[in-house]
Amino acid sequence: MSQQDLMTKIVSLCKRRGFVFQSSEIYGGLKSSYDYGPLGVELKRNISAEWWRSMVTERENIVGLDASIVMHPRVWQTSGHVAGFSDPLVDCFNCKERFRADKAPKAEPGSEVTYKEGGKKKGAELKGTVTEKGYICPVCGSPHFSEERQFNGMFKTSLGPVDPLDKFLKDIEGKDLPYTELKTKMEEAIASSAVYLRPETAQAMFVQFANIQQSSSLKVPFGIAQQGKSFRNEIVVEHFIFRSCEFEQMEMEFFVEPGTQAKWLDYWKDARLNWYRSYANNPEKFVLRKHDDDELAHYADDCYDVEYEYPWGFDELEGVASRTDYDLKRHSEATGAKLSYFDPNKEDPETKKNGWRYTPYVIEPAAGLTRSLLAFLLDAYSEEKGVDKNGKEKTRVVLKLHHRLAPIKVAVLPLMKKDGHPEKAREIIAKIRKAGINASYDDTQAIGKRYAKHDEIGTPFCVTVDGQTMEDGSVTIRDRDTTEQTRLSEDKVIELLVQKLNT
Ligand code: ATP
Numbered sequence: 001m002s003q004q005d006l007m008t009k010i011v012s013l014c015k016r017r018g019f020v021f022q023s024s025e026i027y028g029g030l031k032s033s034y035d036y037g038p039l040g041v042e043l044k045r046n047i048s049a050e051w052w053r054s055m056v057t058e059r060e061n062i063v064g065l066d067a068s069i070v071m072h073p074r075v076w077q078t079s080g081h082v083a084g085f086s087d088p089l090v091d092c093f094n095c096k097e098r099f100r101a102d103k104a105p106k107a108e109p110g111s112e113v114t115y116k117e118g119g120k121k122k123g124a125e126l127k128g129t130v131t132e133k134g135y136i137c138p139v140c141g142s143p144h145f146s147e148e149r150q151f152n153g154m155f156k157t158s159l160g161p162v163d164p165l166d167k168f169l170k171d172i173e174g175k176d177l178p179y180t181e182l183k184t185k186m187e188e189a190i191a192s193s194a195v196y197l198r199p200e201t202a203q204a205m206f207v208q209f210a211n212i213q214q215s216s217s218l219k220v221p222f223g224i225a226q227q228g229k230s231f232r233n234e235i236v237v238e239h240f241i242f243r244s245c246e247f248e249q250m251e252m253e254f255f256v257e258p259g260t261q262a263k264w265l266d267y268w269k270d271a272r273l274n275w276y277r278s279y280a281n282n283p284e285k286f287v288l289r290k291h292d293d294d295e296l297a298h299y300a301d302d303c304y305d306v307e308y309e310y311p312w313g314f315d316e317l318e319g320v321a322s323r324t325d326y327d328l329k330r331h332s333e334a335t336g337a338k339l340s341y342f343d344p345n346k347e348d349p350e351t352k353k354n355g356w357r358y359t360p361y362v363i364e365p366a367a368g369l370t371r372s373l374l375a376f377l378l379d380a381y382s383e384e385k386g387v388d389k390n391g392k393e394k395t396r397v398v399l400k401l402h403h404r405l406a407p408i409k410v411a412v413l414p415l416m417k418k419d420g421h422p423e424k425a426r427e428i429i430a431k432i433r434k435a436g437i438n439a440s441y442d443d444t445q446a447i448g449k450r451y452a453k454h455d456e457i458g459t460p461f462c463v464t465v466d467g468q469t470m471e472d473g474s475v476t477i478r479d480r481d482t483t484e485q486t487r488l489s490e491d492k493v494i495e496l497l498v499q500k501l502n503t
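So the sequence shown is numbered by the numbering used here: it starts at 1 and just counts up by one.
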C-alpha cells in the first residue's frame, strides 16, 4: 500500500464509519471545516482525556483552565498577534495557486527549473530561473510569482449589537471624503468593536497567571493546562484535518525559575515524545526535531517539534518551546499587573538578600488534538492478508488503536437473533455500560461481518453470546489484534475488560 493510498483509505474510512465528515456536506461542504461523527468524537475525547490524565491528574503541580475563546482585543496586541501573526502570502503567476512562501519547496537561487504552462499536465514545458527568494510554486514548480504580502491569520469579528459598517455608513453619509480618509474612518469603525477568535489557547494562561498562582497557592515550578478550540485563517489548508481553520489544541505553560529553562525543556521534550510513543504501534515514526536558530520565534531561546512521519513525510505534531519570560513581561508591562513570583527561600541574585521576586520563564508543550487524532489513525491502520475458509484471498482491515483510545471498547454480539441470544446480550451489555465501559450492541449481519466491522473501527474486544451461553452462562471474548477467542463465564467479563483496558 502506497503512502498516498493510506491517506485516501483513512479519509474514506473516516466518512464510511463515522469518524470525520465534511462540514455542511449537503451544501457542498465548507473549505477545511470538519465534523467529528459518533466514533470521531469518542476518539477525540479519549485522546484529550489521556492528555489531561498525563498532564494534570497524575501531577501535583499542574492545574487546569478553561478560558473564553474571545478575549480582550488588547491581549492580542500585547502578545504580538495583531502585528505579527501573519504568514507570507504569494500568488503564482503560472498556475494562479495562492501559497505560503515559508512552506514552499526550496530551490537554489539562480538555478534553472522546468514546469508546465498553466500547471496543466499537457501544458507546454517552460523553463525559468529561481529568484533570490530560493523557492518555487508548490503546485506547478514555477519560479515566477507575486511579491510576498503579510496575511494576518486571526479571525476578526465584532462584539456588541452595533454593526460597525452600519455606523461607518451613517457617519460618512452625504460627505464627499477622499479615499484615504474614508479608509481611515472605516478602519476606526471596525477597530472600535473588533475582537478576535483566539489563534492559540496559550495567552489565557499568561493573562490568568496571577489569579491561578494565588488561588491555588502554587509554587514554581508549576503548570497551567488548557484544551480547546483555536482558529486560524490559514492561507493553505491541507491534508484533511492536519491543517484546518478551526481545530483543537492541548497546551500547557510550565513556569520555571530563570536559568532552569534548559533543564525543563529537556524534560518536557522527552516526556511529550514518550507520551505519543506509548500509544503507538510504530513508535519510531514519532521523533523530535530541534529548531535551527533562524527558525526560532523571536521570544524563544530554544524549541523542539515532535514530528510524525505522515504519508507526505515528517511534519509537526507538537511544538515544545522555551518561551523565556517574554509573555508574562509583555502582559505585565501592558496592564501594570504584577505577573511575577516571590520565592521567600531563594537569595535574590542582584541584592544578595534572602527572598527573590522574579518573572518566571516558560516551557510550552503545545499539541494539536485534531492533528494527533489524524496521526493516531494513520499509525493504527493496518491491512492483513489472509485466506478465508474457502481458500479465497481476503484482506482484514484492522484499526489497531490503543485500548485507551479506541472509541468503542467492546461489542456485545448475539450469535443469532433468536433463542434468547439478544435478551442475554442486552443483559450483559447493560452491566458493562454500568461499569462505565463504552460498549456497542450489534445484531445486524453475519457474525464474521460484525467482527470485520469492529476490527475496522478499532474495537479491541467482541463478546459473543451463543447457544452455550444459554446452557452454562459462558461467552466468548475475541481479541481484535490476535483474533483469538477465549471462553469465560459471563460474570468474569467486566473484570477481564477492566484489567485489559487499564494496561
Ligand atoms: P504549523 O507549522 O504546522 O503551521 P505551528 O508551528 O504554527 O504549526 P503552533 O502554533 O506551535 O503550530 O501550534 C501548536 C500545535 O497546534 C501544532 O503543533 C499543531 O498540532 C496544532 N495546529 C496549529 N495550527 C493548526 C491548524 N491550522 N490545524 C490543525 N492543527 C493545528
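Note that the Cβ used here is the ideal one computed from N, Cα and C, for glycine as well.
task: Note down, one range per segment and in chain order, each beta strand (DSSP E) of at least 3 residues found wholly within the segment 254-298.
output: 286-290
field: Integer-rounded CB distance, given that Ser142 should sit under 8 Å from Gly123
entry: Here residue 123 corresponds to residue number 123 of the sequence shown, with the count starting at 1. Here residue 142 corresponds to residue number 142 of the sequence shown, with the count starting at 1. The pair is not a contact, with the Cβ atoms about 11 Å apart (cut-off 8 Å).
Chain-order list of residues whose beta-carbon lies under 8 Å from that of Glu25 (same chain, five-residue window excluded): Locating residue 25 in the sequence shown gives position 25, counting from the first residue. Cβ within range, chain order: n/a, list empty.
- prompt: By Cβ distance below 7 Å, which residues in the same chain neighbour Thr515 in space, the five residues on each side in sequence not counted?
  reply: It is not possible to answer for residue 515, since the shown part of the chain is limited to 1 through 503.
message: Would you say the beta carbon of Ala366 is closer than 6 Å to some non-hydrogen atom of the ligand ATP?
response: To locate residue 366, count along the sequence shown from 1; it is residue 366. The answer is yes for Ala366.
query: Looking at Thr464 and Leu413, is the spacing between their C-beta atoms short of 7 Å?
result: Taking the first residue of the sequence shown as 1, we reach residue 413 at position 413. Taking the first residue of the sequence shown as 1, we reach residue 464 at position 464. For Leu413 and Thr464, yes; Cβs fall inside 7 Å.
message: Quick check on the DSSP output: the beta strand (DSSP E) that includes Lys127 runs from which residue to which?
response: Start at 1 with the first residue of the sequence shown, and residue 127 comes out as number 127. Counting along the chain, the beta strand (DSSP E) containing Lys127 begins and ends at 125-129.
query: Where does Leu496 sit, in a helix, a strand or coil, going by DSSP?
result: In the sequence shown, the residue the question calls residue 496 occupies position 496. Reduced to three states, the DSSP call for Leu496 is helix.
message: Run through the DSSP bridge pairs and tell me what Asn152 is partnered with.
response: Taking the sequence shown and counting its residues from 1, the one referred to as residue 152 is at position 152. The partner list for Asn152 (beta bridge, DSSP) reads Ser86.
- prompt: With burial defined as no fewer than 16 other Cβ atoms inside 10 Å of the residue's Cβ, what is the status of Val70: buried or exposed?
  reply: As a working mapping, residue 70 is identified with position 70 in the sequence shown. Counting Cβ neighbours within 10 Å, Val70 comes out exposed, since fewer than 16 surround it.
- prompt: Between the segment 358-368 and the segment 326-338, do three or more beta carbon pairs fall short of 8 Å?
  reply: yes
message: According to DSSP, Thr486 sits in a beta bridge with which residue or residues?
response: Translated into the one-based positions of the sequence shown, residue 486 becomes position 486. DSSP output for Thr486 lists Ile477 as bridge partner(s).
task: Assuming Thr201 and Gln261 form a contact by the criterion Cβ under 8 Å, report the distance between their Cβ atoms to the nearest whole angstrom.
output: Numbered from 1 along the sequence shown, position 201 holds the residue referred to as residue 201. Numbered from 1 along the sequence shown, position 261 holds the residue referred to as residue 261. Not really, about 21 Å apart at Cβ, beyond 8 Å.
- prompt: Ends of the beta strand (DSSP E) at Trp356?
  reply: The count along the sequence shown starts at 1 and reaches residue 356 at position 356. First-last of the beta strand (DSSP E) with Trp356: 354-358.
task: Give me the Cα-Cα distance between Ser244 and Ile494, rounded to the nearest whole angstrom.
output: For the purposes of this step, residue 244 is taken as the residue at position 244 of the sequence shown. For the purposes of this step, residue 494 is taken as the residue at position 494 of the sequence shown. Approximately 40 Å between the Cα atoms of the pair.
- prompt: Do three or more CB pairs link the segment 229-248 to the segment 17-34 at distances below 8 Å?
  reply: yes
field: Residues near Ala366 in its chain [Cβ-Cβ closer than 6 Å; skip 5 each side]
entry: Taking the sequence shown and counting its residues from 1, one reaches residue 366 at position 366. Around Ala366: Glu251, Gly319.
- request: Name the two residues that bound the continuous alpha helix (DSSP H) containing Cys14.
  value: For the purposes of this step, residue 14 is taken as residue 14 along the sequence shown, with counting starting at 1. Per DSSP, Cys14 belongs to the alpha helix (DSSP H) from 3-17.
query: For the ligand ATP, any of its heavy atoms closer than 6 Å to the Cβ of Phe168?
result: Numbered from 1 along the sequence shown, position 168 holds the residue referred to as residue 168. No, the Cβ of Phe168 stays beyond 6 Å of every heavy atom of the ligand ATP.
message: Using 7 Å as the threshold, is the C-beta distance between Tyr253 and Ile212 below it?
response: As a first step, residue 253 must be located in the sequence shown, where it is residue number 253. As a first step, residue 212 must be located in the sequence shown, where it is residue number 212. This sequence places Glu at residue 253; Tyr is not what is there. No, the Cβ-Cβ distance between Glu253 and Ile212 is not below 7 Å.
field: One or two residues paired with Ser158 in a DSSP bridge
entry: In the sequence shown, counting from the first residue as 1, residue 158 sits at position 158. In the DSSP output, where bridge partners are listed per residue, Ser158 has Ala194.
message: Just to confirm, is the Cβ distance from Phe222 to Asn61 under 7 Å?
response: Position 222 of the sequence shown holds residue 222. Position 61 of the sequence shown holds residue 61. Cβ atoms of Phe222 and Asn61: closer than 7 Å.
The segment 184-191 contacting the segment 52-59, beta-carbon criterion three pairs below 8 Å: no
- prompt: What is the rounded straight-line gap between the Cα of Lys229 and the Cα of Lys353?
  reply: The residue given as residue 229 occupies position 229 in the sequence shown. The residue given as residue 353 occupies position 353 in the sequence shown. Near 45 Å, if we compare the C-alpha coordinates of Lys353 and Lys229.
- request: Could you name each continuous alpha helix (DSSP H) segment of 4 residues or more that falls completely within the segment 330-398, going from the start of the chain to the end?
  value: 369-380
message: What does the alpha-carbon distance come out to for the pair Ser513 and Leu296?
response: Absent from the structure is residue 513, since the part of the chain shown begins at 1 and ends at 503.
Reference Asp419; option with closest CA among Phe155, Glu471, Glu257, Phe461: As a first step, residue 419 must be located in the sequence shown, where it is residue number 419. Checking every option, the nearest Cα to that of Asp419 belongs to Glu471.
query: So the alpha helix (DSSP H) Phe99 belongs to, where does it begin and stop?
result: Walking along the sequence shown from the start, residue 99 turns up at place 99. Taken as a continuous stretch (DSSP letters only), Phe99 belongs to no alpha helix (DSSP H), being part of the beta strand (DSSP E) at 98-100.
query: Any idea if Trp264 is buried or exposed, counting beta-carbon neighbours within 10 angstroms, 16 or more meaning buried?
result: Here residue 264 refers to the residue found at position 264 when the sequence shown is read from its first residue. By the neighbour-count rule (16 or more Cβ atoms within 10 Å), Trp264 is buried.
query: DSSP state of Gly118, grouped into three classes?
result: Within the sequence shown, the letter at position 118 stands for residue 118. Reduced to three states, the DSSP call for Gly118 is helix.
- request: Use the C-beta contact count for His298: other C-beta atoms within 10 angstroms, 16 or more gives buried, fewer gives exposed.
  value: For this step, residue 298 is matched to residue 298 along the sequence shown. Exposed is the call here.
query: Any idea if Tyr27 is buried or exposed, counting beta-carbon neighbours within 10 angstroms, 16 or more meaning buried?
result: For the purposes of this step, residue 27 is taken as residue 27 along the sequence shown, with counting starting at 1. Exposed: under 16 other Cβ atoms inside 10 Å.
query: So Thr459 packs on Ala411, CB below 8 Å; how close in whole Å?
result: Indexing the sequence shown from 1 puts residue 459 at position 459. Indexing the sequence shown from 1 puts residue 411 at position 411. Right, the Cβ-Cβ distance comes to about 5 Å (below 8 Å), so this counts as a contact.
task: Can you grab the Cα-Cα spacing for the pair Ser193 / Ser158, in whole Å?
output: In the sequence shown, counting from the first residue as 1, residue 193 sits at position 193. In the sequence shown, counting from the first residue as 1, residue 158 sits at position 158. Whole-angstrom Cα-Cα distance: 5 Å.
- request: Kindly indicate the opening and closing residues of the alpha helix (DSSP H) around Tyr451.
  value: Here residue 451 is taken as the residue at index 451 of the sequence shown, counted from 1. Unbroken alpha helix (DSSP H) run through Tyr451: 447-456.
Alpha carbon of Arg487 to alpha carbon of Ile428, nearest angstrom: Along the sequence shown, one-based indexing puts residue 487 at 487. Along the sequence shown, one-based indexing puts residue 428 at 428. Each residue's alpha carbon lies about 15 Å from the other.
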